[in-house]
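Visitor: Which chain is which? The protein sequence lines are S and R, in order.
Going by the working numbering, the residue at position 356 of the first sequence is 362; the numbering climbs one at a time, nothing skipped.
Going by the working numbering, the residue at position 359 of the second sequence is 365; the numbering climbs one at a time, nothing skipped.
Beta carbons: idealized from backbone N, C-alpha and C, even for Gly.
Have a look at the structure that comes next, please.
Number of protein chains: 2
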Amino acid sequence: MSLERVLAQIDTDIDDATDRLLDLLRIPSISTDPAYKADCDKAADWLVDELTTLGFDASKRPTPGHPMVIGHADGPGPHVMFYGHYDVQPVDPLELWDTPPFEPAIETTAKGPVIRGRGSSDDKGQLMTFLEACRAWKAVTGALPARVSLFFEGEEESGSPSLVPFMRDNAAELTADVALICDTGLFGDNTPAIVTMLRGLLAEEVIITGPDKDLHSGMFGGLARNPIHILTKMIAGLRDETGRITLPGFYDGVPELSDEIRSQWQNLSFDHSKFLGDVGLSEPAGEHDRTPLEMIWSRPTCEVNGISGGYEGDGFKTVLPSRASAKISFRLVGTQDPEAIHESFVAYVNSTLPPDCTAEFPLGHGAPASQMKISHPAFEQARAALSDEWPMAAAYVGCGGSIPIAGHFKEILGMDAMLIGFGRDDDQIHSPNEKYDVESFHKGIRSWARILARLA
Amino acid sequence: MSLERVLAQIDTDIDDATDRLLDLLRIPSISTDPAYKADCDKAADWLVDELTTLGFDASKRPTPGHPMVIGHADGPGPHVMFYGHYDVQPVDPLELWDTPPFEPAIETTAKGPVIRGRGSSDDKGQLMTFLEACRAWKAVTGALPARVSLFFEGEEESGSPSLVPFMRDNAAELTADVALICDTGLFGDNTPAIVTMLRGLLAEEVIITGPDKDLHSGMFGGLARNPIHILTKMIAGLRDETGRITLPGFYDGVPELSDEIRSQWQNLSFDHSKFLGDVGLSEPAGEHDRTPLEMIWSRPTCEVNGISGGYEGDGFKTVLPSRASAKISFRLVGTQDPEAIHESFVAYVNSTLPPDCTAEFPLGHGAPASQMKISHPAFEQARAALSDEWPMAAAYVGCGGSIPIAGHFKEILGMDAMLIGFGRDDDQIHSPNEKYDVESFHKGIRSWARILARLA
Chain S
7 MSLERVLAQI
17 DTDIDDATDR
27 LLDLLRIPSI
37 STDPAYKADC
47 DKAADWLVDE
57 LTTLGFDASK
67 RPTPGHPMVI
77 GHADGPGPHV
87 MFYGHYDVQP
97 VDPLELWDTP
107 PFEPAIETTA
117 KGPVIRGRGS
127 SDDKGQLMTF
137 LEACRAWKAV
147 TGALPARVSL
157 FFEGEEESGS
167 PSLVPFMRDN
177 AAELTADVAL
187 ICDTGLFGDN
197 TPAIVTMLRG
207 LLAEEVIITG
217 PDKDLHSGMF
227 GGLARNPIHI
237 LTKMIAGLRD
247 ETGRITLPGF
257 YDGVPELSDE
267 IRSQWQNLSF
277 DHSKFLGDVG
287 LSEPAGEHDR
297 TPLEMIWSRP
307 TCEVNGISGG
317 YEGDGFKTVL
327 PSRASAKISF
337 RLVGTQDPEA
347 IHESFVAYVN
357 STLPPDCTAE
367 FPLGHGAPAS
377 QMKISHPAFE
387 QARAALSDEW
397 PMAAAYVGCG
407 GSIPIAGHFK
417 EILGMDAMLI
427 GFGRDDDQIH
437 SPNEKYDVES
447 FHKGIRSWAR
457 ILARLA
Chain R
7 MSLERVLAQI
17 DTDIDDATDR
27 LLDLLRIPSI
37 STDPAYKADC
47 DKAADWLVDE
57 LTTLGFDASK
67 RPTPGHPMVI
77 GHADGPGPHV
87 MFYGHYDVQP
97 VDPLELWDTP
107 PFEPAIETTA
117 KGPVIRGRGS
127 SDDKGQLMTF
137 LEACRAWKAV
147 TGALPARVSL
157 FFEGEEESGS
167 PSLVPFMRDN
177 AAELTADVAL
187 ICDTGLFGDN
197 TPAIVTMLRG
207 LLAEEVIITG
217 PDKDLHSGMF
227 GGLARNPIHI
237 LTKMIAGLRD
247 ETGRITLPGF
257 YDGVPELSDE
267 IRSQWQNLSF
277 DHSKFLGDVG
287 LSEPAGEHDR
297 TPLEMIWSRP
307 TCEVNGISGG
317 YEGDGFKTVL
327 PSRASAKISF
337 RLVGTQDPEA
347 IHESFVAYVN
357 STLPPDCTAE
367 FPLGHGAPAS
377 QMKISHPAFE
387 QARAALSDEW
397 PMAAAYVGCG
407 GSIPIAGHFK
417 EILGMDAMLI
427 GFGRDDDQIH
437 SPNEKYDVES
447 FHKGIRSWAR
457 ILARLA
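The structure is reproduced here in structure tokens:
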């Protein structure tokens, strides 16, 4: 049977596959920082070359931001569209990396070998699992078992500004029978997962201005407005004592869990003590009347992701600053409306401003949450394929992160999307020392090879 | 009479005097930033050379930090000790400077010519007013009218860590009949001032740590502690709705104004609308039941001078940071005790910490407020001299800034100190585009020439 030979080929080729991933990881394709624009372009070119080698009709497609990479290959079965992103997060604080973030290497750890470097897990390593599965099918059978299209984005870590226009402009080309998205994780080390519930995201920045210049806090302190005070008071007011977010209308559209999902999640035996213990914490910090799994999968959040104002260097400077700013993200669930919440946030911030202070909101873009329809037959086919590869049966789970592409596939292209990935909780994505287990990479490739066989 | 000839000499020499100040301003002696250590040393050497040229027995004296500069010159009258500082504030945000901060120049403005550059007012320009007055006396009479010692510090803008040990170690050498300090301002454009009330300062930094690494806010948001939330809530709790500072015991030792000072300050007709209007503000922001002059001169404050945490670059990063920090200063009055307030602050911050969070306090050093005894005859002599030079009579005033040296002169050396300076409210000290009016410099030199004559 072909699948067995394909899996054997993957095992034989794993070192070369890893080397190819390391090549891609060496390109510092940080999409949010304009200084890395050429590197994003280089990563896109690298992918076009790889796809062409694999027999895809591949091209780099310009956008107002970083380019998309599209590839198509014919095949006998149904048409699947695979999505991943080649851009990565910034690397600061750089001094906390044990090795340079763009000099990836295989590292031996107590839990087994890992691929260390920015993007190893999010999302270059995951993206390459699918490419390598395609490579093995081609190598063994000369063809893919299904018709496959690939869609790689370069702006996922910077709010995907070009994504929706590009999907609308190329809707016919991008529509397939089902979408596959590889940007999520395993549920546990041995339990693969298909994400069927994804939180949305509203990203805000607020800049508060008081005096029109920086002042001396001795000369003006006590008399002049200090924008840091205004900002901190505003932020403190965003939650009440029970951890509930106070914005008017914020909880409109937040559903309660169905009994079915609630009982399934109880069976997952999520160990929040270990989950938190791995990052130096012990107690859940969210809404007092919610379980830890609800806090990260099915409840909306409000987190300050950055704050800045006044003197931040060494030593002390008695400045009373003109401006202070914060970056704030809201994770959304159910049918929460990002636009309505943006408006509620703006109204709330403005209501906290004393005389002489102004607020600017340079961002305010977002995407709603997604809920997959698991009645589509591909879900059970993929779940069976994953269960064949891994020690434990695959689970349908929620995901705290926001992967707006899943919602876009449904809304714009009418496609259901399956989110399958092989990341682990300790991959430190978005943090220093990001890694991807070699096992994730290897069994990830094998998983996709099996899924392609099942779907076909 | 000698004084008239000295004043005429000052007028003749003003362009050369300004050039000498520009030379000193070109040395970027930022004391708080270790990168400028050599420049601080260079500024000290420059002063030693100038003093030697003027006939002072001058030397650079090492400390664990930046050096002191000491000079002595004999004279017939009483012994006066003049203090100033040659270090300057950092220059960030650099992009807000219209000209490079260490390329000083004379600039024509609607209000007259100004000397633009970091340190032009605080404190190099002020310090040089006294040196140039000495130069004119020497040029005209061949001697100074009083015995003069000079004491220049290089750590004033970074908390003066070496000052008290140095004063204790050199107490005999540094003790004179009266101290003169030039680091304050005029009361109005035409009204000179002697500061008799100085706020103290307690400088704090607080670093709050939650998770032991930066986290992905999608994966952990809602469940994990966010140190920015803890920090902002702590800061918001430092004041109540009436602007009063909430630290237990904070107001211990804060005196009410005497009727005499209250009525004198009412006569000063302080125009807070203009004072605030010059920096883009209109309404006083402090304690609701206090006048604007009280807010900046005689009431204690709590100001956040810097805040930092998470992602502060361009774009957005959905990080849930491990740490967040703030720099906070308390201005102190009366007999408020910096150590007691430090302890109260630490106890308050710790009381706001939820489980899993810790706080560090790397600073916590301070100096109490100072109140001068204006019964010393030098005060009325100096007031008369200033009133001779300026259109309006000199006033005894308060000062919101902290100049701990005045208190140290009293406590360690038993000397009363007169704080006389020629800065203006719009000098933008500690801010971009710092300037010193050429009139401040010129009439400042003339003022000191007159004061030396009166004291002698």
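How do the stretch 253 to 260 of chain R and the stretch 343 to 353 of chain R stand: do at least 3 beta-carbon pairs fall below 8 Å, yes or no?
Guide: The answer is yes - the stretch 343 to 353 of chain R touches the stretch 253 to 260 of chain R, with three or more Cβ pairs under 8 Å.
Visitor: Do the CB positions of Ala209 of chain R and Gly372 of chain R come within less than 9 Å of each other?
Guide: The sequence position of residue 209 of chain R within the second sequence is 203, counting from 1. The sequence position of residue 372 of chain R within the second sequence is 366, counting from 1. Yes.
Visitor: Just verifying my parser: in three-state terms, what is the DSSP assignment at Met398 of chain R?
Guide: Counting from 1 along the second sequence, the entry for residue 398 of chain R is found at position 392. Three-state DSSP puts Met398 of chain R in coil, outside helix and strand.
Visitor: To which residues of the same chain is Leu102 of chain S closer than 7 Å at the C-beta, ignoring the five residues directly before and after it?
Guide: For the purposes of this step, residue 102 of chain S is taken as the residue at position 96 of the first sequence. Hits under 7 Å: Pro438.
Visitor: Given that a residue counts as buried once 16 or more other Cβ atoms are within 10 Å of its Cβ, and exposed if not, what is Asp433 of chain S?
Guide: For the purposes of this step, residue 433 of chain S is identified with residue 427 of the first sequence, where counting begins at 1. The residue is buried, with at least 16 neighbouring Cβ atoms inside 10 Å.
Visitor: For Gln95 of chain R, collect the residues of the same chain with a Cβ closer than 6 Å to its Cβ; drop the 5 residues on either side in sequence, then sort them by chain order.
Guide: As a working note, residue 95 of chain R is residue 89 in the second sequence. Cβ within range, chain order: Glu163 and His436.
Visitor: Keeping to the same chain, check which residues put their C-beta closer than 7 Å to that of Pro70 of chain S; ignore five residues upstream and five downstream.
Guide: Sequence index remark: in the first sequence, residue 70 of chain S carries index 64 (1-based). Closer than 7 Å at the Cβ level, and outside the excluded window around Pro70 of chain S, lie Ser168.
Visitor: Which residue wins for smallest C-alpha separation from Asn176 of chain S, given the options S:Met74, S:Lys449, S:Gly259 and S:Cys405?
Guide: Here residue 176 of chain S refers to the residue found at position 170 of the first sequence. With distances taken between Cα atoms, Asn176 of chain S lies closest to S:Met74.
Visitor: With Lys441 of chain R and Val120 of chain R assumed to form a contact (beta carbons below 8 Å), what rounded beta-carbon distance in angstroms separates them?
Guide: The residue you call residue 441 of chain R lines up with position 435 of the second sequence. The residue you call residue 120 of chain R lines up with position 114 of the second sequence. Correct: roughly 4 Å between the Cβ atoms.
Visitor: Just to make sure I have the definition right: I need the residues of chain S whose C-beta is within less than 8 Å of the C-beta of Pro410 of chain R. Which are they?
Guide: Against the second sequence, residue 410 of chain R aligns to sequence position 404. Per Cβ cutoff of 8 Å: no residues; Pro410 of chain R is ~11 Å from chain S at best.
Visitor: Which complete beta strand (DSSP E) runs does the stretch 310 to 361 of chain S hold, if anything under 3 residues is left out?
Guide: You should have 329 to 338.
Visitor: Please check if any C-beta of chain R sits within less than 9 Å of the C-beta of Glu211 of chain S.
Guide: Taking the first sequence and counting its residues from 1, one reaches residue 211 of chain S at position 205. Answer yes: the Cβ-Cβ gap between Glu211 of chain S and chain R drops below 9 Å somewhere.
Visitor: Consult DSSP for Leu244 of chain S and reduce its assignment to one of helix, strand or coil.
Guide: For the purposes of this step, residue 244 of chain S is taken as residue 238 along the first sequence, with counting starting at 1. In the structure shown, Leu244 of chain S sits in coil (DSSP, three-state: anything other than H, G, I, E or B).
Visitor: Please classify Asp277 of chain R as buried or exposed, where buried requires at least 16 neighbouring CB atoms within 10 angstroms.
Guide: In the second sequence, counting from the first residue as 1, residue 277 of chain R sits at position 271. Classification for Asp277 of chain R: exposed.
Visitor: Taking C-alpha atoms, which residue in R:Leu392, R:Phe322 and R:Ala346 lies nearest to Gly370 of chain R?
Guide: The residue labelled residue 370 of chain R in the question sits at position 364 within the second sequence. Of the candidates R:Leu392, R:Phe322 and R:Ala346, the one whose C-alpha sits nearest the C-alpha of Gly370 of chain R is R:Ala346.
Visitor: Work out the CA separation of Asp129 of chain S and Cys188 of chain S for me, nearest whole Å.
Guide: Residue 188 of chain S sits at position 182 when you count from the first residue of the first sequence. Residue 129 of chain S sits at position 123 when you count from the first residue of the first sequence. The straight-line gap from Cα to Cα measures roughly 8 Å.
Visitor: Along chain R, which residues have their Cβ under 7 Å away from the Cβ of Pro361 of chain S?
Guide: Counting from 1 along the first sequence, the entry for residue 361 of chain S is found at position 355. In chain order: Ser288 and Glu289.
Visitor: Under a CB-based cut-off of 9 Å, is Lys66 of chain S close to chain R?
Guide: Sequence index remark: in the first sequence, residue 66 of chain S carries index 60 (1-based). No, no contact with chain R.
Visitor: Within the continuous alpha helix (DSSP H) that includes Gly450 of chain R, where are the two ends?
Guide: Working through the second sequence from its first residue, we reach residue 450 of chain R at position 444. Segment Val444 to Leu461, the alpha helix (DSSP H) holding Gly450 of chain R.
Visitor: Phe157 of chain S and Tyr92 of chain S - do their beta-carbons sit closer together than 9 Å?
Guide: As a working note, residue 92 of chain S is residue 86 in the first sequence. As a working note, residue 157 of chain S is residue 151 in the first sequence. Not a contact, by the Cβ cut-off of 9 Å.
Visitor: Output, in sequence order along the chain, the residues in the stretch 234 to 259 of chain R whose CB is closer than 9 Å to any CB in chain S.
Guide: Correct list: Ile234, His235, Leu237, Thr238, Lys239, Met240, Ile241, Ala242, Gly243, Leu244, Arg245 and Gly249.
Visitor: Below 8 Å on C-beta distance, what does Thr38 of chain R contact in chain S?
Guide: Taking the first residue of the second sequence as 1, we reach residue 38 of chain R at position 32. Ordered by position in chain S, the residues that pass the 8 Å Cβ test against Thr38 of chain R are Gly319, Asp320, Gly321, Phe322 and Lys323.
Visitor: List, in order along the chain, the chain S residues whose C-beta lies closer than 9 Å to that of Pro438 of chain R?
Guide: In the second sequence, residue 438 of chain R corresponds to position 432, counting from 1. Under the 9 Å cutoff, chain S gives Lys219 and Asp220.
Visitor: Within the continuous beta strand (DSSP E) that includes Leu208 of chain S, where are the two ends?
Guide: Indexing the first sequence from 1 puts residue 208 of chain S at position 202. It spans Gly206 to Thr215 - the beta strand (DSSP E) in which Leu208 of chain S sits, taken as one unbroken run.
Visitor: In the DSSP output, which residue or residues are listed as bridge partners for Gly77 of chain S?
Guide: Residue numbering aside, residue 77 of chain S sits at position 71 when the first sequence is read from its first letter. Beta-bridge pairing links Gly77 of chain S to S:Ala64 and S:Leu156.
Visitor: Express the C-alpha separation of Thr341 of chain S and Gly259 of chain S in angstroms, rounding to a whole number.
Guide: For the purposes of this step, residue 259 of chain S is identified with residue 253 of the first sequence, where counting begins at 1. For the purposes of this step, residue 341 of chain S is identified with residue 335 of the first sequence, where counting begins at 1. Cα to Cα, the separation comes out at about 5 Å.
Visitor: Hey, is the stretch 415 to 427 of chain R in contact with the stretch 378 to 387 of chain R, meaning 3+ C-beta pairs nearer than 8 Å?
Guide: Contact holds: three or more Cβ-Cβ distances are below 8 Å.
Visitor: Compute the distance between the beta-carbons of Leu392 of chain R and Pro151 of chain R, then report whether it is under 9 Å.
Guide: On the second sequence, residue 392 of chain R is found 386 positions in, with the first residue counted as 1. On the second sequence, residue 151 of chain R is found 145 positions in, with the first residue counted as 1. Against a cut-off of 9 Å, the Cβ pair of Pro151 of chain R and Leu392 of chain R comes out as no contact.
Visitor: Show which residues of chain S have a CB atom less than 7 Å away from the CB atom of Asn232 of chain R.
Guide: Looking up residue 232 of chain R in the second sequence gives position 226. Chain S residues near Asn232 of chain R: Glu309 and Val310.
Visitor: Identify each residue in the stretch 326 to 340 of chain S for which the Cβ-Cβ distance to at least one residue of chain R is less than 7 Å, and report them in chain order.
Guide: From the stretch 326 to 340 of chain S, only Leu326, Ala330, Lys333, Ser335 and Arg337 have a Cβ closer than 7 Å to chain R.
Visitor: Would you please verify whether the beta carbon of Met102 of chain S is less than 9 Å from any beta carbon of chain R?
Guide: The residue labelled residue 102 of chain S in the question sits at position 96 within the first sequence. According to the sequence provided, residue 102 of chain S is Leu. The question's Met does not apply to it. So, interface residue.
Visitor: Indicate whether the contact test is met: 3 or more Cβ pairs, each with one atom in the stretch 294 to 312 of chain R and one in the stretch 284 to 301 of chain S, closer than 8 Å.
Guide: No, they do not touch.
Visitor: What's the gap between the Cα of Ala49 of chain S and the Cα of Val97 of chain S?
Guide: As a working mapping, residue 49 of chain S is identified with position 43 in the first sequence. As a working mapping, residue 97 of chain S is identified with position 91 in the first sequence. Spanning the two alpha carbons is a distance of roughly 17 Å.
Visitor: Mind checking Gly118 of chain R: buried by the 16 CB within 10 Å criterion, or exposed?
Guide: Taking the second sequence and counting its residues from 1, the one referred to as residue 118 of chain R is at position 112. Under this definition Gly118 of chain R is an exposed residue.
Visitor: Using DSSP bridges, identify the partner residues of Ser376 of chain R.
Guide: Translated into the one-based positions of the second sequence, residue 376 of chain R becomes position 370. Per DSSP, R:Leu204.
Visitor: Relative to chain R, which residues along the stretch 143 to 171 of chain S have a C-beta separation below 9 Å, given in chain order?
Guide: Against chain R - using a Cβ distance shorter than 9 Å - the residues of the stretch 143 to 171 of chain S are Glu163, Ser164 and Gly165.
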